[in-house]
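So the structure is just underneath, and the comments pick up after that.
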Amino acid sequence: MNLGLLGASMVLGMAALGSGMGIGCVAQATIGAWKKCYLTNKAAPMTLLVFSGFPLTNTFYAFIMMTEIKNVAFANPQDGLFYLGFSIVSGIAIGITAVIQGKAAAAACDAFAETGKGFAQNIAIVGVIEPVALFVMVLTMISL
Numbered sequence: 014m015n016l017g018l019l020g021a022s023m024v025l026g027m028a029a030l031g032s033g034m035g036i037g038c039v040a041q042a043t044i045g046a047w048k049k050c051y052l053t054n055k056a057a058p059m060t061l062l063v064f065s066g067f068p069l070t071n072t073f074y075a076f077i078m079m080t081e082i083k084n085v086a087f088a089n090p091q092d093g094l095f096y097l098g099f100s101i102v103s104g105i106a107i108g109i110t111a112v113i114q115g116k117a118a119a120a121a122c123d124a125f126a127e128t129g130k131g132f133a134q135n136i137a138i139v140g141v142i143e144p145v146a147l148f149v150m151v152l153t154m155i156s157l
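Structure representation (structure tokens):
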């Protein structure tokens, strides 16, 4: 059994799990923010949907990693345990980043809906979290 191939699928699964949790956080906040707007007879800003997409990108990064890990693990089955461990740690890092990004995006939704101000600043701060997942992807692929 090639444990590296198992790891390749785990990196995608763990990142997707984190993306789902992050999107869940921001989706709940978006709905709550719109509710506040409706209750106060304010227009519900559709721009809040922008925040919902942030945690999703981590799944794409993990897919790219999965493909590379799969290729390397298939070519070197004797190192499968190494690739499995590497994949698990990388998947957890990317998944946690997605959850944190979802929580930050949720706060941004609430703040923007309440004040109608700071959209660009909110995008910037949620975007600052994104490079963590990118660095994990790039550095993992370099290390393979």
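Sequential numbering from 14 applies to the sequence shown in the working numbering.
Positions of the beta carbon are idealized from the N, C-alpha and C atoms, including for glycine.
query, result
"Integer Cβ distance of Cys122 from Ala57, believed to fall under 8 Å", "Between Ala57 and Cys122 the Cβ distance is about 11 Å, and since that is not below 8 Å, they are no contact."
"Buried/exposed call for Gln91, threshold 16 Cβ in 10 Å", "exposed"
"The stretch 92–109 in contact with the stretch 15–33 per 3-pair CB rule at 8 Å", "yes"
"Rounded C-alpha distance that separates Ala118 from Thr128", "15 Å"
"C-beta contact flag for Ile77 and Gly20 at 8 Å", "no"
"Buried versus exposed call for Phe67 [16 or more other C-beta atoms within 10 Å across all chains shown]", "buried"
"Close Cβ partners of Gly104 (< 6 Å) along its chain, the five nearest in sequence each way excluded", "Met23, Val24, Met27, Ala28"
"Residue closest to Leu69, alpha-carbon to alpha-carbon, out of Ala146, Lys55, Ile155, Cys50", "Ala146"
"CA nearest to the CA of Met34, picked from Ala111, Lys55, Lys49, Ala42", "Ala111"
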